[in-house]
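Please read the structure below before turning to the comments.
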Amino acid sequence: MVKLTMEPVTRIEGHAKITVHLDDAGNVEETRLHVMEFRGFEKFLTGRPVEELARIVPRICGICDVQHHLAAAKAVDQIFGFDDYEILPAAYRMREIMNWGSYMHSHALHFYFLAAPDLIIPNGTRKTRNVFQVIKDMPEVALQAINIRRNGLEIVRKIGGRPIHPTSSTPGGISTELDAETQKDLLERAKTNVELAQATLDLALPVFEENIDLISSLGNFGDTRHCGIVKPDGTWDVYNGNVRFKDKDGSDMFEYRNEEYTDYVAEHVKPYSWLKFPYIKEMGYPEGI
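The sequence shown begins at 23 in my numbering and counts up one residue at a time.
Now the structure itself:
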């Protein structure tokens with residue numbers, strides 16, 4: 023058996039490698055994605071004061087740190103007896119806005135810095151298909167990326183207390199406040215990002231449409247299920263609500279509250295990766311992926 027190794031995997035948010043195992047005939051027998059970052063947060067959080075939780079777990083990641091912060095904050099809210107919708111209304115809205123600020127800078131990072139080189143320079147060589155070449159060839163595009171991220175991170179900073187690894191959420195509330203001047207500034211930044219997002223779509227959609235046939239060569243994306251957060255009225259959300267699963271055909275499968283996670287979802291462990299493999303519990307692994 024021959025083993026091919028790609029290490030490191032570049033342009034991802036984290037550290038990983040890929041190994042491809044070939045049989046004696048040279049055909050692919052198995053492909054493995056190895057996520058090599060051991061985190062251990064569940065273990066070293068044991069015994070810490072629960073109020074510290076939302077300040078510690080953002081260190082899991084420097085990109086999606088707000089989501090770790092808010093997930094921990096919501097768990098602590100429940101421990102202190104606050105229902106998801108019972109925290110102070112102003113705090114609820116500020117957490118939502120901080121979450122959207124994080125989405126702005128995180129999505130801009132993914133599109134412009136990780137994906138854009140393949141989209142904007144599809145025929146470039148390995149040495150030129152990177153963000154530095156994008157900056158050189160299309161400086162106005164690079165400026166869009168910088169401005170979207172700057173505005174998103176400023177929203178996070180004003181509400182979260184810092185642009186990376188926020189600390190502001192407290193049991194049932196939030197420790198920061200926004201005066202009228204700050205509110206006006208953040209609103210203008212959000213409006214600017216809407217315009218920049220439209221410019222991003224104008225850049226990306228023609229590339230997607232021109233290369234739509236490539237999707238079929240990337241794998242079987244249709245043979246999977248999907249999940250997302252929904253509000254009580256059934257509309258989509260990214261901060262609060264139940265988790266709804268949809269089948270391959272788009273039909274609803276089931277819906278559960280946060281505390282029911284382990285009733286519906288289990289996590290498979292592979293010996294070659296620190297990344298867990300979640301699956302629908304009643305379907306088993308790997309059918310329930």
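For each residue, glycine too, the CB sits at the ideal point set by N, CA and C.
These figures come from a predicted structure and were not determined experimentally.
Boundaries (first-last residue) of the beta strand (DSSP E) holding residue i
i: V265; result: 264-268
i: K39; result: 38-44
i: N25; result: Here residue 25 turns out to be Lys, not Asn, going by the sequence shown. Per DSSP, K25 belongs to the beta strand (DSSP E) from 24-28.
i: P139; result: Here P139 belongs to no beta strand (DSSP E); instead the alpha helix (DSSP H) covers 138-142.
i: H187; result: H187 -> no beta strand (DSSP E), and no H or E assigned at all.
i: E277; result: 274-278
i: E52; result: 50-57
Beta carbon of residue i nearer than 8 Å to that of residue j
i: F60; j: W296; result: yes
i: D274; j: K268; result: yes
i: A94; j: L75; result: yes
i: D245; j: K270; result: yes
i: L131; j: I34; result: no
i: L208; j: K180; result: yes
i: A113; j: I196; result: yes
i: L110; j: G241; result: no
i: E281; j: V265; result: no
i: I68; j: F133; result: What sits at residue 68 in the sequence shown is Thr, not Ile. Cβ distance not < 8 Å, so T68 and F133 don't count as in contact.
Exposure label - residue i; buried when at least 16 CB within 10 Å
i: Y261; result: buried
i: Y107; result: exposed
i: Q166; result: buried
i: V72; result: exposed
i: N233; result: exposed
i: R70; result: exposed
i: M305; result: exposed
i: T284; result: exposed
i: A38; result: buried
i: R148; result: exposed
i: S190; result: buried
i: P80; result: buried
i: N152; result: buried
i: Y294; result: exposed
Continuous alpha helix (DSSP H) stretch holding residue i: start and end
i: Y286; result: 283-286
i: M116; result: 111-130
i: I168; result: 161-182
i: F299; result: No alpha helix (DSSP H) contains F299, which is instead part of the beta strand (DSSP E) from 299-302.
i: R77; result: 75-78
i: D87; result: 87-101
i: F230; result: 202-232
Closer than 8 Å to chain B by CB, residue i
i: Q89; result: Judged by its chain identifiers, the structure shown contains no chain B, having just a single protein chain.
Nearest candidate by alpha-carbon position, reference residue i, set the options
i: N49; options: L26, V57, E210; result: L26
i: H127; options: A288, G272, V178; result: V178
i: G36; options: E52, H56, D45; result: H56
i: H43; options: V252, M23, P254, G84; result: M23
i: A97; options: Y125, V153, T192; result: T192
i: P188; options: V153, I82, A38; result: I82
i: E52; options: G62, M58, I40; result: I40
i: E309; options: R247, H129, D201; result: R247
i: L92; options: T68, I78, R117, G84; result: R117
i: I311; options: P293, Y286, Q155; result: Y286
i: T198; options: T204, I78, G182; result: G182
Any 3 or more C-beta pairs closer than 8 Å across the region 111-125 and the region 77-88: yes
The region 102-113 touching the region 158-166, judged by at least three CB pairs closer than 8 Å: Note that the region 102-113 does not touch the region 158-166; fewer than 3 beta-carbon pairs, one per stretch, sit closer than 8 Å.
Segment contact flag, the region 214-223 with the region 168-181, C-beta cutoff 8 Å, min 3 pairs: yes
Cβ pair count under 8 Å reaching 3, the region 222-234 against the region 132-144: yes
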